[in-house]
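Visitor: Pasting in a structure now, in structure tokens, and then I'll have a few things to ask.
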Amino acid sequence: MSEYNAPLSDMKFVIHELAEFDNVIKLPAFADVSEDLVGPILDEAAKFSREVWGALNTVGDQTGCRVEDQAVVVPEGFAEAYQQFVEGGWPTLGFGPDYGGMGLPELIAQTTAEMWQAANIAFALCPLLNIGAATAIEAHASDELKQTWLPKLISGEWTGTMNLTESQAGSDLAAVRTKAEPAGDHYKISGTKIYITWGDQPFTENIVHLVLARLPDAPPGVKGISLFIVPKYLLNADGSIGEHNDVIPVSVEHKLGIHASPTCVMSFGDNGGAIGYLVGEENNGLACMFTMMNHARLGVGIQGLGISERAYQLAQAYAMDRVQGTVPGADGKVTIIHHPDVRRMLMLMKAHIEAMRALAYVTATATDFAHHCDDAQKRQHASARAALLTPVVKAWMTEVAQEVASLGVQVHGGMGFVEETGAAQHMRDARILTIYEGTTGIQANDLVRRKILLDGGAAMADMLNEMRVLDAELEAASGELDAVRTALAASVQHLEQATHWLLESAPGDANVAGSAAFNILMLTGTVAGGWQMARAALVADQKLQAGDSNKPFYQAKLITARFYAQHILSRSAGYFEAATAGSESIMALPEECF
Ligand SMILES: Cc1cc2nc3c(=O)[nH]c(=O)nc-3n(C[C@H](O)[C@H](O)[C@H](O)COP(=O)(O)OP(=O)(O)OC[C@H]3O[C@@H](n4cnc5c(N)ncnc54)[C@H](O)[C@@H]3O)c2cc1C
956 MSEYNAPLSD MKFVIHELAE FDNVIKLPAF ADVSEDLVGP ILDEAAKFSR EVWGALNTVG
1016 DQTGCRVEDQ AVVVPEGFAE AYQQFVEGGW PTLGFGPDYG GMGLPELIAQ TTAEMWQAAN
1076 IAFALCPLLN IGAATAIEAH ASDELKQTWL PKLISGEWTG TMNLTESQAG SDLAAVRTKA
1136 EPAGDHYKIS GTKIYITWGD QPFTENIVHL VLARLPDAPP GVKGISLFIV PKYLLNADGS
1196 IGEHNDVIPV SVEHKLGIHA SPTCVMSFGD NGGAIGYLVG EENNGLACMF TMMNHARLGV
1256 GIQGLGISER AYQLAQAYAM DRVQGTVPGA DGKVTIIHHP DVRRMLMLMK AHIEAMRALA
1316 YVTATATDFA HHCDDAQKRQ HASARAALLT PVVKAWMTEV AQEVASLGVQ VHGGMGFVEE
1376 TGAAQHMRDA RILTIYEGTT GIQANDLVRR KILLDGGAAM ADMLNEMRVL DAELEAASGE
1436 LDAVRTALAA SVQHLEQATH WLLESAPGDA NVAGSAAFNI LMLTGTVAGG WQMARAALVA
1496 DQKLQAGDSN KPFYQAKLIT ARFYAQHILS RSAGYFEAAT AGSESIMALP EECF
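In short: position in the sequence shown from 1, add 955, done, that's the working numbering.
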């Protein structure tokens, strides 16, 4: 089992060369941010992720969590490691200074998030949800609630959770039944939530649950859902910790992966009602929760990236070490990295990871501009781009993570299937990523219906134009980029044609959007990843032409971009064909024939 080493060279390359760090720090909100500040923070995060959280990844998987006396027990070492996380100021990174945040760009916060996720994905879910909860409170709660709850959530002294799901309300949150009864200046909450990540833990003095519930006179469906803060412990008038609120973890699920993350059944109001405080307006809870979910969707995409990187590092080390077979032209037995098929697998992992990292960080930059740019037009443009790419980052990257983690097992041969190497844990841990925070199907629907059909394809057309502009630059570059140029041009055409087809076909057939959604999503992710790889290759080419001293890194980037073009962008033809085949053969089979 190998330790995790954050790939700082590639992270810093993407931050600076593709995700426009220099422009991000010109935004007024980041006036105090500089490379001198950020560089050491990333170096320290790499050290912390390797030495502290990374060291607990295997023990967390093997030990898991349990409920004892109405409280969750976590694996040994987690409480101390969480304390170190708080003492290091890591939870505060991406929040503004108003409530104690460090005020760094989302771009940098997500880069560190990649490290936490790669080091220990089950543990890193805790801050992921905490950040989402704090973001929703910051955006929608009253000043009084913000002052009461935000500083300790942002510092990480307390953690936040997200309580949406009920047994009859999964993808369909309109079916939420948890009740909220008005009771003076607060509400009494009662109901059962399931699958609540880090719903309880012993290492912070309080936990702030964000809960979706329904008022007695609420209209049916999503328009009748409200959002509440329901703390584990109520606060005394002076802000100190008071009585235990009427909320308990009933049990934790036994599950395929992320064993160290307690997935709780939470019971609210067994003894008369848990006290809750309304966030935002009554019946407007889902809109508030979307703030949290959007943040978490990017976060889960980053989980896909992190687990892929971890699986790759393990597979690469094994391929350098395992001796098996011979190859033409070499004497004696060779390590398996000499076999073309093993190299194919490692290249698929590496190229996908670099494309995902670029796409995720570029999307983080779009959110920085969407929130902080003072030019309204640029803000609107960035906002539309972030909205278009958020379901893609969530779903494409987590689908790719399945492939990458599975390849990690395959590179190990039989040793991948036994638990000893750790490759199997990465595959098990990755499996949840396409399910929670909205399944791939739900993200794909969001992409085609809300992000493409609703604006008549405008945001997509804008992105396609940017992709096409690259063609002239690729043509002018050295011949090394010819394969990239050809593949990108073909795949951009696939995406453009699929978008036109969708816009034309959807109005005439109610099943078209849902039938094509997955393939359009995968097509978008694959092409957007190829676009970022082409941008990376252009930078690498220029650096090499200029005689940059970091020759091996840039040469590797060119080769990886070429591999992506030939072996991954080529998939765009398949996604295009499947998407534009429409709904006929999907919907034709009578239900009784399944
Ligand atoms: C480990 C774990 C942690 C979780 N953490 C949390 C948490 O912290 N907080 C929380 O509130 N929830 C949490 N969840 C719940 C999670 O978000 C839901 O499981 C998820 O949204 C899917 O809901 P479901 O399980 O009811 O599946 P269903 O909604 O029943 O979906 C089943 C299948 O049908 C498909 N489907 C359903 N509706 C549609 C549709 N309209 N269009 C196309 N396809 C559709 C889905 O894509 C899926 O393939 C967690 C779940 C797990 C397993």
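Backbone N, C-alpha and C fix where the C-beta goes; we use that ideal spot for every residue, glycine too.
DSSP has E1023 in a bridge; who is on the other side?
Guide: Paired residues: A1026.
Visitor: Can you tell me whether Q1268 is buried or exposed, with buried defined as 16 or more other CB within 10 angstroms of its CB?
Guide: With 16 or more other Cβ atoms within 10 Å, it is buried.
Visitor: Which partner residues does K1002 have in the DSSP bridge list?
Guide: DSSP output for K1002 lists no bridge partner at all.
Visitor: Can you tell me which of the three DSSP states K981 falls into?
Guide: It is coil, neither helix nor strand.
Visitor: Would A1251 and G1087 qualify as a contact pair, given that the criterion is a beta-carbon distance under 8 Å?
Guide: Yes, they are a contact pair.
Visitor: Do K1512 and A1483 have their C-beta atoms closer together than 8 Å?
Guide: Going by C-beta atoms, K1512 is not nearer than 8 Å to A1483.
Visitor: Is C915 buried or exposed, if buried means 16 or more other CB atoms sit within 10 Å of its CB?
Guide: The requested residue 915 is not part of the displayed model; the chain covers only 956 to 1549.
Visitor: With a cut-off of 8 Å, do at least 3 Cβ pairs link the region 987-1006 to the region 1116-1136?
Guide: With the cut-off at 8 Å, the region 987-1006 and the region 1116-1136 do not touch.
Visitor: Cβ-heavy atom distance between Y959 and ligand 1 below 7 Å?
Guide: For ligand 1, not one heavy atom lies less than 7 Å from the Cβ of Y959.
Visitor: Just the Cα atoms here: how many angstroms apart are A1138 and S1216?
Guide: In a straight line, the C-alpha of A1138 is about 34 Å away from that of S1216.
Visitor: Please work out which residues of its chain come closer than 7 Å, Cβ to Cβ, to S1538, disregarding the five sequence neighbours upstream and downstream, and give them in chain order.
Guide: Excluding sequence neighbours, S1538 sits near D1464, N1466, V1467, S1470.
Visitor: If I'm right that M1223 touches I1144 with Cβ under 8 Å, what's the distance once you round it to whole angstroms?
Guide: Reading off the sequence, residue 1223 comes out as Phe, not Met. Confirmed, Cβ separation roughly 5 Å.
Visitor: Output the distance between the C-alpha atoms of L1084 and E1430, rounded to the nearest integer angstrom.
Guide: Going from the Cα of L1084 to the Cα of E1430 covers about 44 Å.
Visitor: Can you tell me which of the three DSSP states E1031 falls into?
Guide: Correct three-state label for E1031: coil.
Visitor: Can you name the residues that DSSP bridges to Y1142?
Guide: Partner(s): P1137, G1231.
Visitor: Which one or two residues does DSSP pair with I1162 in a beta bridge?
Guide: The partner list for I1162 (beta bridge, DSSP) reads T1114.
Visitor: Which of helix, strand or coil does DSSP assign to R930?
Guide: Past the boundaries of the shown model lies residue 930; the chain is included only from 956 to 1549, so the question cannot be answered.
Visitor: Would you decide whether G1363 is buried or exposed? Buried here means 16 or more other CB atoms lie within 10 Å of its CB.
Guide: With 16 or more Cβ atoms within 10 Å of its Cβ, G1363 is classed as buried.
Visitor: Spatial neighbours of R1480 within its chain, please: C-beta separation below 6 Å, excluding the five flanking residues on both sides.
Guide: For clarity, residue 1480 is Gly in the given sequence; the question names Arg instead. Cβ within range, chain order: V1347, W1351.
Visitor: Taking 7 Å as the limit between beta carbons, can you name the residues of its chain near E1421, skipping five residues before and five after?
Guide: Nothing meets the Cβ criterion.
Visitor: Would you check if the distance between the CB atom of N1118 and the CB atom of L1167 is smaller than 8 Å?
Guide: Cβ distance < 8 Å, so N1118 and L1167 count as in contact.
Visitor: Can you tell me which residues form a DSSP beta bridge with E1392?
Guide: Answer is none; E1392 lacks a bridge partner.
Visitor: Let me check one thing: in DSSP terms, what residues is H1199 bridge-paired to?
Guide: According to DSSP, which records beta bridges pairwise, H1199 is partnered with Y1188.
Visitor: Could you tell me whether the Cβ atoms of V1044 and A1064 are closer together than 8 Å?
Guide: First, the residue type needs correcting, since residue 1044 is Gly and not Val in the sequence shown. Not closer than 8 Å, so no.
Visitor: Can you list, in chain order, the residues of its chain with a C-beta nearer than 6 Å to that of L1450? Leave out the 5 residues immediately preceding and following it.
Guide: Around L1450: L1478, V1482.
Visitor: Any chance the region 1367-1381 sits against the region 1265-1280, with 3 or more Cβ pairs inside 8 Å?
Guide: As far as the Cβ criterion goes, the region 1367-1381 touches the region 1265-1280, which means the pair count is three or higher.
Visitor: On the CB-based measure, 16 or more other CB atoms within 10 Å of its CB, does P1030 come out buried or exposed?
Guide: P1030 is buried by the Cβ-count criterion.
Visitor: Given that a residue counts as buried once 16 or more other Cβ atoms are within 10 Å of its Cβ, and exposed if not, what is P1295?
Guide: The residue is exposed, with fewer than 16 neighbouring Cβ atoms inside 10 Å.
Visitor: Let me know the secondary structure DSSP gives S1525 once reduced to three states.
Guide: Looking at S1525 - three-state DSSP - the assignment turns out to be helix.
Visitor: Give me the Cβ distance between H1095 and I1230, rounded to the nearest whole Å; I'm assuming they're in contact under 8 Å.
Guide: H1095 to I1230, Cβ: 19 Å. No contact.
Visitor: Say yes only if the C-beta of T1218 is nearer than 7 Å to one or more non-hydrogen atoms of ligand 1, and no if none qualify.
Guide: The answer is yes for T1218.
Visitor: Once the 5 residues before and after A1533 are set aside, which same chain residues still bring their CB inside 7 Å of it?
Guide: These residues qualify, in order along the chain: N1474.
Visitor: Using only CA atoms, which one of I1076, P983, R1526, W1153 lies nearest to V1207?
Guide: For V1207, the nearest C-alpha among the options comes from W1153.
Visitor: Does the beta-carbon of S1195, which I'm using as the reference point, lie nearer than 7 Å to any heavy atom of ligand 1?
Guide: S1195 Cβ: outside cutoff for every heavy atom of ligand 1.
Visitor: Within 10 Å of its beta-carbon, does G1393 have 16 or more other beta-carbons around it, so buried, or fewer, so exposed?
Guide: So G1393 counts as buried.
Visitor: State the start and end residues of the unbroken alpha helix (DSSP H) segment that holds S1446.
Guide: Note, S1446: alpha helix (DSSP H), 1437-1460.
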